[in-house]
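**Q** Chains as they are written, first to last, in numbering that gives the first Met the number 0: chain A, 0 to 388; chain B, 0 to 289.
C-beta atoms are modelled at their ideal positions from N, C-alpha and C, and glycine is treated no differently.
Since we're looking at a predicted model, the values are computed, not measured.
Just passing along the structure, written as structure tokens.
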Amino acid sequence: MNIHEYQAKQIFAKYGVPIPKGKMIEKAEDAIDAAREIGGNIWVVKAQIHAGGRGKGGGVKLARSLDEVEKYASEIVGMTLVTHQTGPAGKLAKKVYIEGGVDIKKELYLGMVLDRAKELPVMMASTEGGVEIEKVAAETPERIIKVEIDPLTGFQGYHARELAFGLNLSKEQIKEFGKFAKALYKVYTLNDASLVEINPLVLTADDKFIALDAKMGFDDNALFRHKDIAEMRDLDEEDPAEIEAGNYGLSYVKLDGNVGCMVNGAGLAMSTMDIIKLEGGEPANFLDVGGKASASTVAKGFEIILKDPNVKAILVNIFGGIVRCDRIANGILEATETTRVEVPIVVRLDGTNAKEAIEIIRKSSLTNIISATDLGDAARKVVKAAKGV
Amino acid sequence: MSILVNKSSRVIVQGFTGKEGTFHAEQCIAYGTNVVGGVTPGKGGQTHLGRPVFNTVKEAVKATEADTSLILVPPAFAADAVIEAAASGIKVIVCITEGIPTRDVIIAKKFTGNHDVTLIGPNCPGIITADEAKVGIMPGFVFKKGKVGLISKSGTLTYEMANQVVLAGLGISTAIGIGGDPIIGSTIIDLLKLFEKDKKTEAIVIIGEIGGDMEIQAAEYIKENITKPVVAFIAGSTAPKGKRMGHAGAIIAGSKGTAQEKMDALVKAGVTVVDSPADVGIKVKKVLNK
Chain A
0 MNIHEYQAKQ IFAKYGVPIP KGKMIEKAED AIDAAREIGG NIWVVKAQIH AGGRGKGGGV
60 KLARSLDEVE KYASEIVGMT LVTHQTGPAG KLAKKVYIEG GVDIKKELYL GMVLDRAKEL
120 PVMMASTEGG VEIEKVAAET PERIIKVEID PLTGFQGYHA RELAFGLNLS KEQIKEFGKF
180 AKALYKVYTL NDASLVEINP LVLTADDKFI ALDAKMGFDD NALFRHKDIA EMRDLDEEDP
240 AEIEAGNYGL SYVKLDGNVG CMVNGAGLAM STMDIIKLEG GEPANFLDVG GKASASTVAK
300 GFEIILKDPN VKAILVNIFG GIVRCDRIAN GILEATETTR VEVPIVVRLD GTNAKEAIEI
360 IRKSSLTNII SATDLGDAAR KVVKAAKGV
Chain B
0 MSILVNKSSR VIVQGFTGKE GTFHAEQCIA YGTNVVGGVT PGKGGQTHLG RPVFNTVKEA
60 VKATEADTSL ILVPPAFAAD AVIEAAASGI KVIVCITEGI PTRDVIIAKK FTGNHDVTLI
120 GPNCPGIITA DEAKVGIMPG FVFKKGKVGL ISKSGTLTYE MANQVVLAGL GISTAIGIGG
180 DPIIGSTIID LLKLFEKDKK TEAIVIIGEI GGDMEIQAAE YIKENITKPV VAFIAGSTAP
240 KGKRMGHAGA IIAGSKGTAQ EKMDALVKAG VTVVDSPADV GIKVKKVLNK
């Protein structure tokens with residue numbers, strides 16, 4: 000799960016990570032009051048969307064008067080931002096964060112993420128703040144300093160020193176940086192984050208460190224023990240079909256093709272998409288109905304797949320282990336009648352009670368159901384059906 | 000022979016009396032697994048499925064000489080269960096539980112690393128040594144005895160692939176589902192080492208997927224250390240970037256962890272990489288007939 004910048008900054012503040020004064024608003028007419036409350040004579044007006052590259056997309060503006068604050072806020076509320084991370088459709092900004100200006104001496108980068116290969120969280124710093132860190136990593140990897148942190152011993156002084164010396168900080172700055180980095184470690188670890196990123200981390204004219212931006216992602220598996228963070232979820236940022244699928248314990252990802260698929264198990268579901276492509280079709284979705292597929296999950300699966308008007312045929316691929324295929328076959332017949340599936344359905348059932356299941360499908364009076372024997376046969380049949388041949 | 004579990008493995012089930020624990024323990028017993036007891040805190044002294052229930056793993060190990068544990072407890076308690084098993088002298092821990100926080104898995108794995116124990120999972124179907132022992136949740140009948148070792152990140156895809164291997168006229172020595180989480184206990188390399196030494200295994204199948212770089216590390220290892228033929232399939236060639244595909248670990252981060260990059264590394268290492276998930280069985284047969 001990801002959250003907005005203003006929410007990440009609320010968490011930062013709780014753990015003593017310095018942030019500029021700021022306020023989130025949803026109506027442009029509240030902008031001037033917010034700016035007055037923040038004080039000063041320069042403000043930054045920022046669109047709140049779950050994507051990077053907001054500045055280039057026109058979603059971050061520097062305001063030098065209260066009038067400008069209001070002007071920019073009204074431009075941004077309701078604006079559809081297109082950045083390198085939003086995709087071509089862009090994302091609608093519904094919230095704006097207004098923040099006091101900061102006297103910047105230097106822009107740095109500081110982040111924390113799980114390193115899967117090392118099986119530990121790593122903290123990363125770079126002198127190249129304010130630019131895409133992926134670009135720095137690709138072009139000048141020597142400018143990124145990384146320290147691995149063992150959760151059993153936690154954040155130590157040497158972690159901070161390795162990063163600080165790597166950033167060429169002065170003696171006084173090193174002490175300040177150490178406090179900042181330690182607080183950031185707490186933000187990451189105590190909230191079960193999967194990512195914390197500050198880009199840029201700003202060194203101010205008076206040698207203080209302050210988080211000018213804030214990005215956070217969380218381990219979904221740990222949300223059960225962070226109710227406060229789970230409440231920060233913004234459903235507007237997610238695909239409605241994916242949310243609905245999730246509510247029924249299904250895992251769904253929409254794609255651009257026209258062959259719908261419904262499969263039990265994530266690995267088999269990905270493989271089903273892959274083989275559809277190999278046979279000359281284009282998968283319309285990923286859909287894992289889970290290890291305990293039943294008649295009702297199958298019905299829900301059809302409903303979600305058919306919300307996509309591009310779908311011309313559906314492949315149901317179930318390998319029954321604990322799940323009995325004959326039950327799934329009956330579920331498919333029921334679901335096809337109740338949800339009125341009009342596109343052809345290719346059904347491949349294998350594993351426990353597969354023979355009985357195939358017999359059930361064969362005997363059914365539904366004309367749009369095609370039985371397949373194995374994965375290859377199923378893929379060929381569904382690609383053909385989607386092409387209308 | 001075979002690897003990790005066999006007829007003489009003495010298995011306990013943590014979470015024994017729960018719904019999942021009961022169902023799968025019954026299935027394991029029916030398969031012929033030597034289930035010697037189980038653990039459910041607060042239910043020690045009872046008998047369940049004809050086996051003794053203990054309050055702690057320590058007591059269970061003392062009374063039954065258990066050496067293997069199958070963990071079927073909810074995600075919030077699973078890391079604790081893994082650490083308890085390792086601390087109590089269990090040698091093979093199979094953690095089925097899906098949805099354990101990554102921070103807990105990192106800590107549990109670090110702990111098991113300091114003990115003489117093999118951790119399989121979490122978020123996996125477990126281990127099966129055909130006709131000997133099933134310590135997991137897979138449908139046993141699919142895994143007919145044979146000479147092919149199987150290592151997989153997935154559940155149902157493991158069953159599909161084992162079925163293909165069997166239909167090709169071969170069979171399975173041991174199949175291990177290593178799990179689909181970002182951090183897991185035993186890696187592909189850990190298991191390759193065991194299969195290389197196992198006299199009953201003549202070929203190895205690796206079923207990988209997008210996310211992380213475990214398959215790439217395995218490719219480098221295979222090149223230098225594995226003499227048996229290896230056949231691999233990587234799921235997720237068509238998966239979009241940045242989207243989690245069901246498994247917590249199945250995500251292409253930036254441009255890293257794609258199926259293509261893994262397949263390229265494996266091909267370079269001399270592995271027979273199969274493009275179609277329908278062709279794994281026949282490809283294994285081919286490499287064995289060479």
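Tell me the rounded alpha-carbon separation between residue 27/A and residue 73/B.
**A** 46 angstroms
**Q** Counting only Cβ-Cβ distances shorter than 8 angstroms, please list the residues of the segment 220-239 of chain A near chain B, keeping chain order.
**A** 220, 221, 223, 224
**Q** Along the segment 224-257 of chain B, what residues have a CB closer than 7 angstroms to any CB found in chain A?
**A** 234, 235, 236, 237, 238, 239, 242, 244, 245, 246, 247, 249, 253
**Q** Please list, in chain order, all residues of the same chain as residue 365/A whose beta carbon is under 8 angstroms from its beta carbon, the five residues on each side excluded.
**A** 332, 335, 336
**Q** So, are the CB atoms of residue 60/B and residue 350/A less than 8 angstroms apart?
**A** no
**Q** Based on Cα-Cα distance, which residue from 113/A, 53/A, 111/A, 110/A lies nearest to residue 91/A?
**A** 53/A
**Q** Look at the Cβ atom of residue 20/A, then the Cβ atom of residue 33/A, and state whether they are nearer than 8 angstroms.
**A** Taking the C-beta atoms as reference points, residue 33/A is found no nearer than 8 angstroms to residue 20/A.
**Q** Check residue 94/B in the structure and name its three-state DSSP category.
**A** strand
**Q** Within 8 angstroms, do at least three Cβ pairs link the segment 5-23 of chain B to the segment 47-58 of chain B?
**A** yes
**Q** Excluding the five sequence neighbours on either side, which residues of its own chain have a C-beta within less than 7 angstroms of the C-beta of residue 136/B, listed in chain order?
**A** 23, 95, 124, 125
**Q** Buried or exposed for residue 5/A, going by 16 or more other Cβ atoms inside 10 Å?
**A** Buried, by the Cβ-count rule.
**Q** Measuring only from the beta carbon, is residue 246/B closer than 7 angstroms to any heavy atom that is part of the ligand SAM?
**A** As far as ligands go, the structure on display features none, and thus does not contain the ligand SAM.
**Q** Considering only the alpha carbon of each residue, which of 81/A, 96/A, 244/A lies closest to residue 55/A?
**A** 81/A
**Q** Determine whether the beta carbon atoms of residue 132/B and residue 280/B lie at a separation below 8 angstroms.
**A** Residue 132/B places its beta carbon 8 angstroms or farther from that of residue 280/B.
**Q** What does residue 318/A reach in chain B if we use C-beta pairs closer than 7 angstroms?
**A** 155, 158, 159
**Q** Are the segment 368-383 of chain A and the segment 306-324 of chain A touching, with three or more C-beta to C-beta distances below 8 angstroms?
**A** yes
**Q** Indicate whether at least one CB of chain B lies closer than 8 angstroms to the CB of residue 254/A.
**A** So yes, residue 254/A belongs to the interface.
**Q** So, with DSSP's three-state summary, where would you put residue 285/B?
**A** helix
**Q** One question on the structure: do residue 173/B and residue 3/B come within less than 8 angstroms of each other, judged by their Cβ atoms?
**A** yes
**Q** Excluding five sequence neighbours on each side, which residues of the same chain lie with their C-beta closer than 7 angstroms to the C-beta of residue 68/A?
**A** In the same chain as residue 68/A, and ignoring 5 residues on each side of it, the C-beta atoms closer than 7 angstroms to its own belong to 30, 31, 34, 42, 44, 62, 97, in chain order.
**Q** When the Cα of residue 62/B is compared with those of 75/B, 78/B, 77/B, 43/B, which residue comes out closest?
**A** 43/B
**Q** Could you name the residues of the segment 99-127 of chain B whose beta carbon sits closer than 7 angstroms to any beta carbon of chain A, in the order they occur along the chain?
**A** Within the segment 99-127 of chain B, the qualifying residues are 99, 100, 101, 102, 105, 106, 108, 109.
**Q** Would you decide whether residue 248/A is buried or exposed? Buried here means 16 or more other CB atoms lie within 10 Å of its CB.
**A** exposed
**Q** Sorted by chain position, which residues of the same chain lie with C-beta nearer than 8 angstroms to residue 283/A's C-beta, five sequence neighbours on each side aside?
**A** 253, 254, 255, 256, 257, 258, 259, 260, 304, 307, 309, 310
**Q** Do residue 374/A and residue 277/B have their C-beta atoms within less than 8 angstroms of each other?
**A** Taking the C-beta atoms as reference points, residue 277/B is found nearer than 8 angstroms to residue 374/A.
**Q** For residue 106/A, which residues does DSSP report across the bridge?
**A** Residue 106/A is bridged to 201/A.
**Q** I'd like to know whether the C-beta atoms of residue 321/A and residue 121/B end up nearer to each other than 8 angstroms.
**A** no
**Q** How about residue 216/A and residue 40/A: do their beta carbons lie closer than 8 angstroms?
**A** no
**Q** Residue 223/A to residue 14/A, Cα distance in whole Å?
**A** 21 angstroms
**Q** Kindly list, in the order they appear in chain A, the residues whose Cβ is closer than 7 angstroms to that of residue 152/B.
**A** 266
**Q** Going along the chain, which residues of its own chain have a beta-carbon closer than 6 angstroms to the beta-carbon of residue 104/B, five neighbours each way excluded?
**A** 182
**Q** Give the residues of chain A in contact with residue 211/B, contact being defined as C-beta atoms less than 8 angstroms apart.
**A** Within 8 angstroms Cβ-Cβ: 115, 116.
**Q** In terms of alpha-carbon separation, which member of 226/B, 30/B, 230/B lies closest to residue 134/B?
**A** 30/B
**Q** If you run the structure through DSSP and keep just helix, strand and coil, what is residue 84/A?
**A** coil
**Q** Run through DSSP, which three-state label would residue 376/A get?
**A** helix
**Q** Check this for me: beta carbons of residue 56/B and residue 32/B, under 8 angstroms apart or not?
**A** In this structure, residue 32/B does not lie closer than 8 angstroms to residue 56/B by Cβ.
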